[in-house]
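In what follows, a single structure is set out as structure tokens and then discussed.
There are 2 protein chains.
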Amino acid sequence: MPVVPSARERARRELTADILAAARRQLAASGAAALSLRAVARELGLASSALYRYFATRDELLTALIVQAYDDVADAVEAAVVPRRGRSRRARFTGGCRAFRAWALEHPHEYALAHGSPVPGYRGDERTTAAGARVPLALLSVLEGMDAPATSSRLASQLAEGAARVAAAGGGQVPPALIVTAAQCWTALLGLVSSELFGQLANTFDPADAFADATIEALADRLGL
Amino acid sequence: MPVVPSARERARRELTADILAAARRQLAASGAAALSLRAVARELGLASSALYRYFATRDELLTALIVQAYDDVADAVEAAVVPRRGRSRRARFTGGCRAFRAWALEHPHEYALAHGSPVPGYRGDERTTAAGARVPLALLSVLEGMDAPATSSRLASQLAEGAARVAAAGGGQVPPALIVTAAQCWTALLGLVSSELFGQLANTFDPADAFADATIEALADRLGL
DNA sequence: CACTTCCCGGAGCACTGCTCTTGCCAAGGT
DNA sequence: ACCTTGGCAAGAGCAGTGCTCCGGGAAGTG
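If you're matching them up, the sequences are chains A and B in order. According to the working numbering, the first sequence holds residues -5 to 219 in order. According to the working numbering, the second sequence holds residues -5 to 219 in order.
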């Protein structure tokens, strides 16, 4: 395998990227349900059958878009969470949560694709789960080195098991009881953003910024930040 | 208009119900994305064009299914929440939450259709929002007559506005600060169930019963139950 | 130069939602 | 009793979809 990619290889990579970019434009414009391979091909001036050399199926294109979406949010959240002088743990956490919500509001269709109901059946692709773990792990990293909460009760064995799994995945310096609470906060954050985006609040709190901020602060309280 | 429906009218109602039942079967079996009018027509032995006299469009059939799903969960939750001798507020609340989760686990595709990402564009149909409000209102009804939490802080004006709207919609006997907390718990519950169903927890806590129970108890704690 | 490998384009299949036309059959009025 | 009206279903058809297969041509290799 040559170090310098051949012209073929370069063209292939470029076209793959172009296809993904066009697909992403259409996704952002009209949502995942309306994304059609033929439309993407038309936008690129290709025959629809040509796309199948780059993505074997429509689902594969969608998973590529999912991974891209996960990585995109993760970049935003990780940047907001990074420790800096004079930045409290609480500010890092709430900043990360706010960055997550802001990204979702800017990219509703991509958020729906990644964090919403799975489109066909259930996809347990390892690439997506790895990319999807970045945001929760980034938020968890804020808690590294904290003490176990004072009210830490004994965990059910199944909960302890799950917490151990999470700890192995990245939060080595976080006590198990706090990991459980953190997981609860993560699902709560997902629920907050999903509710707002998918209209589950029926626009009761609208504009929802105040409600979102209050909720995020409450999460920080619960984590003892 | 005759009091006794004519034969025509009866046939019409019956066929409408049959169509809905068949559609629901297919929804439960294969999900909303795979639901096709033609397949429903085939199952009923009809021409596909015949369905259009009963549902003008596929989306209308879907919204009918959404309303049905909302009403179905609401029945389950309301039954679990109803006050009975020797049943504490806390038990009513946690029971309602558990009933919600149990229904979702039994009807994943219907849950995804109703509470997941909206399928086409955004549907703000009034029938769906009215039906969708039943479950949160049922949970809110458990809190009627409670005192405002001790740590009740002054609410931002926008939050107070939203709380007032909710109070007008059904929770007349619940203090505003508690309404905000209740709304937060509602989004958290949605996030819990959605995460579990859509694989956002990446099977970290699996089986998730213990995690769900712990989360629901934490919500009850937060509400001061 | 020949030869292989890769890739694009076109035709085609089975399917979808939806529309339009045709013809049937029962209900209602004269 | 006859005829008109209106609801109803069936069928053909349109535009669109995901996906497959085959043929020709271009790019890279000996």
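Built from N, CA and C at the ideal position, the CB exists for glycine as well. Keep in mind the model is a prediction, meaning the values are calculated, not measured.
If contacts are defined as beta-carbon pairs under 8 Å, then residue i and residue j qualify, I think. What distance do you get, rounded to the angstrom?
i: Ala221/B; j: Leu172/B; result: A query on residue 221/B cannot be resolved here, the shown segment of chain B reaching from -5 to 219 and no further.
i: Ala28/A; j: Ala63/A; result: Wrong, their Cβ atoms sit about 16 Å apart, outside the cutoff.
i: Leu137/A; j: Leu186/A; result: Not confirmed; about 19 Å, so no contact.
i: Ala231/B; j: Val168/B; result: Residue 231/B falls outside the range modelled here, since chain B spans only -5 to 219, and no answer is possible.
i: Leu153/A; j: Ser188/B; result: No, Leu153/A and Ser188/B are not in contact; Cβ-Cβ is about 20 Å, not under 8 Å.
i: Ala182/A; j: Ala182/B; result: 4 Å
i: Ile13/A; j: Tyr48/A; result: 6 Å
What's the gap between the Cα of residue i and the Cα of residue j?
i: Gly193/B; j: Asp203/B; result: 14 Å
i: Ala73/A; j: Gly139/A; result: 20 Å
i: Arg32/B; j: Ala17/B; result: 10 Å
i: Pro114/A; j: Ala206/B; result: Its pLDDT being 44, under 50, Pro114/A is placed unreliably in this model, and the coordinates cannot settle the point.
i: Ala44/B; j: Ala125/B; result: 28 Å
i: Arg36/A; j: Ser111/A; result: 28 Å
i: Glu211/B; j: Ile60/A; result: 33 Å
i: Gly39/A; j: Ala196/A; result: 42 Å
i: Ala41/A; j: Thr57/A; result: 22 Å
i: Leu9/B; j: Asp119/B; result: 24 Å
i: Asp65/B; j: Ala15/B; result: 15 Å
i: Ser30/A; j: Arg92/A; result: 32 Å
i: Ala208/B; j: Thr198/A; result: 28 Å
i: Arg6/A; j: Ser0/A; result: 10 Å
i: Phe87/A; j: Ala50/A; result: 40 Å
i: Ala23/A; j: Val34/A; result: 12 Å
i: Ser135/A; j: Arg79/A; result: 17 Å
i: Leu55/B; j: Ala176/A; result: 40 Å
i: Leu21/B; j: Glu155/B; result: 38 Å
i: Gln178/B; j: Gln178/A; result: 13 Å
i: Gly166/B; j: Pro77/B; result: 18 Å
i: Ser82/A; j: Arg81/B; result: 44 Å
Which residues in the same chain as residue i place their Cβ atom closer than 7 Å to its Cβ, once the five residues preceding and following it in sequence are excluded?
i: Arg280/B; result: Since the first residue of chain B shown is -5 and the last is 219, residue 280/B is not available in this structure.
i: Val129/A; result: Val67, Ala68, Val71 and Phe94
i: Ala127/A; result: Ala163
i: Thr123/A; result: none
In chain order, what residues of the same chain lie with their CB nearer than 8 Å to the CB of residue i, ignoring the 5 residues before and after it?
i: Leu191/B; result: Ala98, Leu99, Pro102, Tyr105 and Ala106
i: Arg4/A; result: none
Tell me which same chain residues have a C-beta within less than 6 Å of the C-beta of residue i, skipping the five on either side of it?
i: Tyr116/A; result: Here Tyr116/A scores only 49 on pLDDT, less than 50, and its place in the model is too uncertain to base an answer on.
i: Trp180/B; result: Pro130
i: Arg159/A; result: none
i: Gly25/B; result: His103
i: Gly90/B; result: Val71, Ala74, Val75 and Leu133
i: Ala157/A; result: Pro170, Ile173 and Val174
i: Arg121/A; result: Val61
i: Pro201/B; result: none
* To do: Taking only beta carbons into account, state which residues of the segment 186 to 205 of chain A come closer than 9 Å to chain B, listed in chain order.
  => Leu186, Val187, Ser188, Ser189, Glu190, Leu191, Phe192, Gly193, Gln194, Leu195, Ala196, Asn197, Thr198, Phe199, Asp200, Pro201, Ala202, Asp203, Ala204 and Phe205
* Could you please tell me which residues of the segment 134 to 154 of chain B, in chain order, have their CB closer than 7 Å to any CB of chain A? => For the segment 134 to 154 of chain B, the beta-carbon criterion of a distance under 7 Å to any beta-carbon of chain A is satisfied by Ala150, Gln152 and Leu153.
* Which runs of the alpha helix (DSSP H) fall wholly inside the segment 26 to 90 of chain B and span at least 4 residues, in chain order? -> 31 to 38 and 52 to 75
* To do: Give the residues from the segment 81 to 113 of chain B that approach chain A closer than 7 Å (Cβ to any Cβ), ordered along the chain.
  => Ala106, His109, Gly110, Ser111, Pro112 and Val113
* Asked: In chain order, which continuous runs of the alpha helix (DSSP H) of length 4 or greater are located wholly inside the segment 95 to 176 of chain A?
  -> Complete alpha helix (DSSP H) runs here, min 4: 102 to 109, 120 to 126, 128 to 135 and 151 to 163.
* Could you please tell me which residues of the segment 38 to 67 of chain A, in chain order, have their CB closer than 7 Å to any CB of chain B? => Per Cβ criterion, the list is empty.
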